[in-house]
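J.: Residue numbers (the numbering used here): 13 to 292.
Dumping the structure here so I can ask a few things about it.
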Amino acid sequence: RKATNGGKIVPVMTVFREWLPDEPEIRIWNHQLIRYAGYETTNGKTLGDPMNVEITRLALRLGWQPPSKQGHFDLLPIIIQSGETIQYYELPRHEVHEVKIRHPKYPCIEQMELKWHTVPVVSDMIFATGSALHPCAPFSGYYLGTEIGARNFGDPNRYDLLPELARRLGLDTTNRRNLWKDHALVILNEAILWSFDNEGVGIADHHGASDDFLHFCEQETKAGREVRAEWSWIVPPISGSATSVFHKRYNESAIYPNFLLQVAAWETKRGQKLLASQGI
């Protein structure tokens, strides 16, 4: 609720105690606090978000009951490990703000019944200070439109919506040279930005974010500080060369404090032992 802030998104971070070898470990197993379930179906396809098939499977084994009519956007519970216990917690539906995706020129997008939550809260990274590691330190930000439109909805290993959208738009999907994927991708990203703007929810576009980042770099350089960044994370997944950050290079070496990736909790020895103790 605090991060959503009525649509004026506010970054929020909560840092739990540091990791010590002989002390109980605290971890949130979900990649993000708000995510949609991914159900394996009998025909080998996925209903919902394929990225979340494993965490959905774990939630089900822990006793989570999904909606009687499973859909593409069922909110997953949060799975929390505290020492030798693991438990899931349902997210209060009224606390999760979502935006229905529409386009002012293409009603076929509204007919696809798409939506997305307004606040990304990354919950599975280590916060490393340089002297301590905090394996549970969820932090929120605001979305870049392409994160939803290009990656979450567009990636073949996620919702993979481009073929369906292209057909609804009347594009010939048998001819790669007409760039049907590109046309569909731009229209889908237009829909994301328009929908968030229409509901008064903060979201960044990739051109504005690119210019803002370079302005930040200029300020840091003037202050005598070097900016470090991973190029593949800074450059957007569409229209890369049309953004200013595409033509820059950055020092990618890590400094602290920093957020670092960690092995999925259920793949660690502690996590596997914990699951085995519960017969999962």
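Cβ atoms here follow ideal geometry from the backbone N, Cα and C, with glycine treated the same way.
Since the model is a prediction, treat every value here as computed from it, not as a measurement.
Taking the beta strand (DSSP E) that asparagine 169 falls in, what are its first and last residues?
T.: Segment: none, asparagine 169 is in no beta strand (DSSP E) and carries neither H nor E.
J.: Tell me whether aspartate 136 is buried or exposed, calling it buried when 16 or more other Cβ atoms sit within 10 Å of its Cβ.
T.: It counts as buried.
J.: Is DSSP giving glutamine 274 helix, strand or coil here?
T.: It is coil, neither helix nor strand.
J.: Tell me which same chain residues have a C-beta within less than 8 Å of the C-beta of glutamate 96, skipping the five on either side of it?
T.: Hits under 8 Å: Pro36, Leu286 and Ser289.
J.: Taking the alpha-carbon positions, what's the glutamate 176 to tryptophan 76 distance?
T.: One C-alpha to the other measures close to 31 Å.
J.: Suppose only complete runs of 4+ residues qualify. What are the alpha helix (DSSP H) ranges in the segment 215 to 280, listed by chain order?
T.: Counting whole runs of 4 or more residues, the segment 215 to 280 contains the alpha helix (DSSP H) stretches 218 to 234 and 243 to 246.
J.: With three or more C-beta pairs closer than 8 Å as the rule, is the segment 27 to 41 touching the segment 119 to 128?
T.: As far as the Cβ criterion goes, the segment 119 to 128 does not touch the segment 27 to 41, which means the pair count is below three.
J.: My output table needs one value for arginine 114: the three-state DSSP class, helix, strand or coil.
T.: Three-state DSSP puts arginine 114 in coil, outside helix and strand.
J.: How would you label asparagine 164, buried or exposed, when you count the other beta carbons within 10 angstroms and need 16 or more for buried?
T.: So asparagine 164 ends up on the buried side.
J.: Is the distance from the Cβ of proline 132 to the Cβ of tyrosine 101 below 8 Å?
T.: No; because the gap between Cβ atoms is not below 8 Å, this pair is not in contact.
J.: So if DSSP puts isoleucine 46 in a beta bridge, which residue, or which two residues, is it bridged to?
T.: DSSP, once it has assigned bridges, lists no residue as partnering isoleucine 46.
J.: Leaving out five residues before and five after isoleucine 267 in sequence, what residues of the same chain have Cβ atoms less than 8 Å from its Cβ?
T.: Arg240.
J.: Assuming glycine 153 contacts proline 23 under a Cβ cut-off of 8 Å, what Cβ separation, rounded to an integer in Å, is found between them?
T.: Right, their Cβ atoms sit about 5 Å apart.
J.: The beta strand (DSSP E) with isoleucine 91 in it runs from where to where?
T.: Element bounds for isoleucine 91: 90 to 94.
J.: Can you say whether asparagine 55 is buried or exposed, counting buried as having 16 or more other CB atoms within 10 angstroms of its CB?
T.: Exposed: under 16 other Cβ atoms inside 10 Å.
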